[in-house]
Each structure stands twice: as structure tokens, then as C-alpha cells.
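Residue numbers (this note's numbering): 127 to 798.
Glycine is no exception: its CB is placed at the ideal position from the N, C-alpha and C atoms.
The following block contains the structure:
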């Protein structure tokens with residue numbers, strides 16, 4: 127048996143696969159103790175942990191620790207002269223008209239930053255040697271007088287010469303073996319000092335939190351008989367055994383959204399769809415990602431609370447438009463949705479847990495697009511009267527009735543999602559009309575058709591058990607580890623041989639690392655070069671597969687870079703202009719065992735009809751269970767329910783089920 131558990135902001139989802147049997151569970155999350163929600167899901171799903179071979183977990187623990195500033199007390203060691211590295215940051219302003227603007231606040235206070243006498247130049251040559259005895263005395267005094275939970279080390283140009291950082295880490299371990307040490311050379315061996323320092327300190331900040339969480343969860347699992355492999359999802363869309371997360375805890379930052387993208391790619395791929403836009407609308411937010419040729423877009427950098435994080439992440443854009451997003455009026459009287467959310471506690475007003483503010487879920491209750499008796503397959507009680515009461519205060523202020531307010535709020539949420547999709551598509555030179563929209567999460571299939579209309583997308587692919595697709599994505603993900611190193615290399619004669627040699631060295635390190643985690647076979651490698659014209663400030667990523675690397679030459683390198691540069695910037699310089707490689711990035715992955723096609727067992731209820739309120743008017747719609755769908759197209763309006771989500775098919779659209787249990791919804795009824 128294989129089990130995936132994804133802890134979201136509102137619900138915790140579980141999917142268990144035992145042979146061809148698929149079991150699904152959805153329970154409320156417990157933000158104050160995330161592992162409790164995971165354990166509740168195991169109990170609700172009646173999972174006997176003694177027979178589970180593989181358990182994969184994703185959570186928001188790292189993200190919450192940063193956003194809520196509940197991480198570790200970190201001491202930060204830097205090269206002398208760089209004490210204010212985290213304060214100076216970059217010379218940019220996120221709010222150019224805000225006269226009281228302040229830069230994002232670092233997670234380490236200035237008083238906890240200490241300078242070390244050492245210096246290395248950009249070529250990795252030692253300029254000022256490290257005096258270990260002096261550092262040892264300083265650290266002994268520091269730890270004797272102050273309490274810290276974690277140590278972060280980021281020296282100038284340590285990406286080219288990591289020895290000083292590793293020697294300091296050894297000294298810390300001798301003085302205080304219980305305190306975790308995070309070195310920048312283990313987190314990201316790339317240049318740009320501020321981004322590397324920010325990533326290192328954030329990793330050190332969340333590391334004790336992640337370690338305590340995983341240790342506590344692992345202990346609970348062991349006490350319940352679990353003896354299988356325990357893995358954690360990473361932001362890059364791959365998982366790692368939990369034992370491999372300590373050195374770089376920051377990689378688990380966006381594990382839930384990344385898992386959803388992987389699940390969508392696999393399930394939509396079964397139906398032959400490779401160019402996708404994924405739309406994951408859960409209880410707290412909506413996450414969208416562009417997928418081209420079956421490969422999700424991967425970014426080398428992201429940020430949380432304004433702080434940059436230099437680590438590979440799926441290129442996901444998030445907006446505050448989830449089922450729990452609050453509906454409110456701004457100072458100008460305009461209707462707004464999010465980004466604040468009612469979350470799991472107290473949750474939307476209709477949950478009856480003390481929430482009094484209106485949310486998108488409450489709006490759907492009033493519109494009739496979510497029925498109280500069918501919520502979570504009828505397993506969760508909700509109260510539409512409480513939803514109406516919550517909406518009434520805003521409706522009265524705006525001089526409209528509750529139904530009209532609910533409809534308007536849903537349309538605002540739709541527009542927020544459209545804007546997010548434009549950020550990952552049209553603003554990057556890609557036409558969303560060339561893609562299939564794949565909605566999932568509890569609320570994604572409710573909004574997808576109207577969002578698609580705004581973007582002129584003609585086809586939707588709604589996976590089975592869409593409300594728990596992120597949990598399925600955990601099991602569908604590869605074991606993945608990315609490594610990178612900055613080493614500037616001009617694209618001149620002999621460069622191809624040097625590139626191959628460096629990648630071979632990085633491969634040997636990756637093989638060794640996976641061997642330590644108990645994975646010794648099946649490794650697949652991806653190669654990325656960060657390249658630029660000499661004189662440019664930023665790079666373009668150029669990818670090569672393994673066969674290409676074997677025959678790589680300077681001419682191929684140049685043409686590949688020119689093509690990538692032209693695709694992004696619509697121009698490429700003449701061949702006389704010189705090109706350089708700045709950084710090398712290696713991805714090492716091991717595919718999981720094959721999985722059966724996803725399907726869900728839903729309660730079967732007789733077909734019927736229902737009344738909705740959509741786009742300012744009452745609408746009569748067919749009421750169906752997903753089990754009623756087959757290969758024969760049905761024209762909208764349709765409201766299709768299953769145990770994890772509700773799918774709305776408006777007028778002008780039609781839906782049918784394909785052989786992979788995907789619900790294919792098309793504009794104008796043009797089915798495959």
C-alpha cells in the first residue's frame with residue numbers, strides 16, 4: 127500500500143493505493159498542530175500503517191513558520207565587512223508610491239549577525255586565511271552567553287571555495303553538537319551574495335521547526351506500526367526521503383502546490399494532453415502553473431514574505447482566491463475577495479464553527495453551485511442559513527440582495543484567477559488558448575469554465591477525485607534532488623569538454639547522496655546551463671538531455687542559447703557577440719513505481735435538476751453524480767458532484783467522460 131497525505135490550509139487530503147484499490151479521505155486541517163490533521167486522515171481512512179510500504183507527505187509547515195515568524199533563533203556568520211548584508215538587500219522598491227515603505231524584514235536580527243575574519247576571491251583563491259582558534263574562542267563565548275537554536279553560515283564567494291564554511295561548521299559541532307548548522311555551500315552554491323544569504327538564513331530558520339515536526343510525525347507513525355519509507359515533497363515537484371531534508375529544509379516550502387501540479391500532469395497526460403495550465407483552487411488560495419510538453423515550468427528563485435529564496439521551485443503563481451477567501455469592501459466601496467482567508471479555524475460561516483465573515487464557499491452555497499446535502503459527499507454538515515447571514519452585512523452595505531452579492535463575489539474571484547493565469551502565460555509570450563485548463567482542488571472545477579471563457583480556452587480536463595489530486599501527486603512524483611554551482615566559463619573552443627567534465631563531477635556527488643538515502647538504481651539526469659551575453663546582468667536557462675550532452679559542441683551551445691534568448695526577449699545578438707556560462711544545474715531523479723489510473727468511488731444518487739444563480743440570473747441545471755457521466759457528451763448547464771469536488775458546466779459547454787476517467791469539458795461541444 128502507498129499513501130499520500132497533503133496538509134492544506136483548510137483540509138488535509140489522503141489517498142491510499144493498494145493494488146488497483148483507491149481510498150480517499152478528506153478531513154479538516156488543524157493549523158495549530160498540522161501532524162494531527164494528517165493522523166486524523168489516517169484514522170478516518172482506516173489505514174493500517176503496518177501494511178503501508180510508502181508514505182509521502184506534503185505540508186505548509188515551513189511556509190507558515192516564515193509567514194508567522196515562528197522559526198528558530200538563528201545566529202548568522204558572515205565574512206568581515208558584510209554584517210548588513212540582510213539589511214541592505216537590493217536597491218528596489220516594491221511599493222514605489224509608499225512614502226513609508228520599508229524593505230522586507232529579515233528573519234535574523236542584526237545583533238545576531240557576527241563577522242568572521244576570512245576572505246576568498248571570485249576565483250576561489252584564499253585572500254584572508256581562516257584562523258580557526260580565534261573563531262573557536264569567539265563561538266565558545268557566544269554560545270556560553272546567548273541561546274540559539276540554529277546556525278547559518280554564508281561567506282563571500284564560498285560557492286567557489288566552500289572549505290571555510292565547512293571548517294566553521296565542524297567547529298560549531300565540536301562546541302555544541304546539538305545545534306544544527308546550515309552552510310550556504312550546501313543550500314545553493316551560486317553567486318549573488320544577498321540571495322544566497324537570504325536562502326541560507328531562511329533554511330536555518332525553518333530547519334529546527336521542520337526537524338521537530340518530522341520527528342514527531344515519524345514517531346507517531348512508528349508507534350502505530352509504520353515501517354515503510356517516509357518521504358517529503360519538495361517545491362521542485364520531486365520528493366526525498368525525510369532523512370535527506372535536514373541540510374536544506376527550505377526545499378519543502380511549497381510542497382502542497384507542487385504535488386498538485388505533478389498529479390495534474392500525470393492524469394491529464396493519460397488523455398494525451400501535454401500543454402496545460404493547472405488551476406488548483408483549495409480552501410485558502412488558488413495556484414496556477416504552466417506546463418509545456420508535459421514538463422512544468424521550473425524557476426530558480428522564489429520568495430516568501432518579500433524574502434528571496436534561491437532554490438528550484440515549480441513556477442507557480444498564487445492568488446488569494448480560495449473557498450475560504452473573505453468577501454469584503456475596500457475604502458472606495460469596491461467589492462474584494464481575499465487575500466485574507468477564514469482558513470480551517472474558524473472556516474467559512476456555513477461550517478458552523480464560529481466563523482461570521484462571508485467567504486467564497488458561503489457565496490457558492492447561496493448561488494446554489496454548492497449544495498449543503500452533498501458537501502464532501504454528504505459527510506460534512508454545513509448550514510446555508512449561516513452563509514446567508516454572513517453575506518447579509520456586506521449585501522446591505524452595497525444595497526443588493528445576498529444572491530447578487532454571492533454571484534458578484536464569485537466573478538471577482540474568477541477575475542483574480544484569470545490575472546494569475548495571464549502572469550504565467552501571456553506575460554511570458556505564451557498563448558493560453560494553446561493549452562488545456564486542468565482544474566482541481568475542492569473549488570477549482572466550480573470556477574474553471576468561466577475562467578476559461580475569459581481566456582478563450584476551449585478545453586477543460588477535470589481529473590477524477592479532483593479535490594484530493596495533490597495527495598495523488600505526492601505518490602506520482604519522482605525522487606528528485608537538484609544541485610547547482612556557479613563557475614563562469616566563456617563559450618570558446620574546448621568549453622564543451624569542460625562542461626561535460628563538471629557535470630560528471632556533479633553526477634558523482636548526486637549518486638553518492640542518493641546512495642546515502644538508500645536509492646542506488648534508476649537515476650535519470652537533467653542538465654541546465656545558466657547562460658548570458660557577456661555584459662548582461664541576468665541569465666537564461668538552457669536545458670540539455672543526456673544524449674545531447676554526449677555530442678555537445680560549442681556551435682550547438684551557441685544556437686541553443688540564441689534560441690532560448692530569442693524566445694524570451696524576441697531578439698538574439700549577432701554571432702560576434704561573446705557568450706558565457708555562469709552556473710551549472712544538475713537534476714537527478716528516480717521515477718516512482720507505476721501507479722494505477724486514478725479513479726474514485728462516489729455515492730450514486732439519481733439524476734435530477736437544481737436551480738442556480740449565475741451571471742445575474744436564475745439558471746435551471748441538470749444535477750448529476752460523476753458516476754452518471756460516460757462517453758456521450760451532455761450539454762450544460764450541468765452541476766456534477768462527486769465526493770471531493772463539484773463541477774459546474776455552464777450553458778455553451780458540454781462534458782463527457784473519457785477512458786481514463788477524466789471529465790473532458792469543451793466549449794461548443796467539440797469533443798475528441
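Within the same chain, and ignoring the five residues on either side of residue 633 in sequence, the residues whose Cβ sits closer than 7 Å to its Cβ are 651, 712. Residue 218 sits exposed, since fewer than 16 C-beta atoms from the chains shown fall within 10 Å of its C-beta.
Per DSSP, residue 791 lies in no alpha helix (DSSP H) segment; the continuous beta strand (DSSP E) that holds it begins and ends at 789 to 793.
Between residue 184 and residue 600 a beta carbon distance of about 6 Å is seen, short of the 8 Å cut, so the two are scored as contacting. The distance from the Cβ of residue 574 to that of residue 139 is about 19 Å, inconsistent with a contact at the 8 Å cut-off.
Boundaries for residue 786: no beta strand (DSSP E) harbours it, and the DSSP string shows neither H nor E there. One alpha carbon belongs to residue 389, the other to residue 755, and they sit about 22 Å apart.
Counting only residues of its own chain and dropping the five nearest sequence neighbours on each side, residue 176 has a CB closer than 6 Å to the CB of 351. For residue 309, there is no enclosing alpha helix (DSSP H); the residue is found in the beta strand (DSSP E) stretching over 307 to 309. Assignment of residue 537 by DSSP, reduced to helix, strand and coil, places it in the helix class. Between residue 495 and the set 528, 533, 465, 462, the nearest pair of CA atoms involves 533. With fewer than 16 other Cβ atoms from the protein chains shown falling within 10 Å of its own Cβ, residue 225 counts as exposed. Residue 302 sits in coil when the DSSP states are folded into three classes, being neither helix nor strand. Membership of residue 502 in any alpha helix (DSSP H) is not indicated, and neither H nor E is assigned to it by DSSP. The three-state secondary structure of residue 635, taken from DSSP, is helix. The three-state reading of DSSP puts residue 703 in coil, since its state is none of H, G, I, E or B. The Cβ-Cβ distance between residue 277 and residue 305 falls below 7 Å.
If you ignore the 5 residues before and after residue 161, its C-beta comes within less than 7 Å of the C-beta of 339, 342, 343, 346, all in its own chain and listed in chain order. It is roughly 26 Å from the alpha-carbon of residue 411 to the alpha-carbon of residue 763.
From the listed residues 401, 400, 424, the smallest Cα separation to residue 380 is found for 424. Here DSSP, grouped into helix, strand and coil, assigns residue 529 to helix.
When the five nearest sequence neighbours on each side are left out, the beta carbons in the same chain lying within less than 8 Å of the beta carbon of residue 316 are those of 285, 322, 436, 610, 611, 612, 709, in order along the chain. Annotation: residue 352 is outside any alpha helix (DSSP H) and is labelled neither H nor E by DSSP. Taking residue 690 as the centre and dropping the five residues before and after it, the same chain places the C-beta of 666, 668 closer than 6 Å to its C-beta, in chain order.
Annotation for residue 599: the continuous alpha helix (DSSP H) segment containing it runs 595 to 602.
Only residues of its own chain outside the window of five on either side were considered, and among them 393, 396, 397, 723 have a CB closer than 8 Å to the CB of residue 786, listed in chain order. In terms of CA proximity to residue 572, 767 leads the group 745, 619, 767, 167. Assignment of residue 144 by DSSP, reduced to helix, strand and coil, places it in the strand class. According to DSSP, residue 424 shares a beta bridge with 440.
In the three-state scheme derived from DSSP, where H, G and I count as helix and E and B as strand, residue 624 is classed as helix. Cα atoms of residue 158 and residue 506: separation of roughly 21 Å, rounded to the nearest angstrom.
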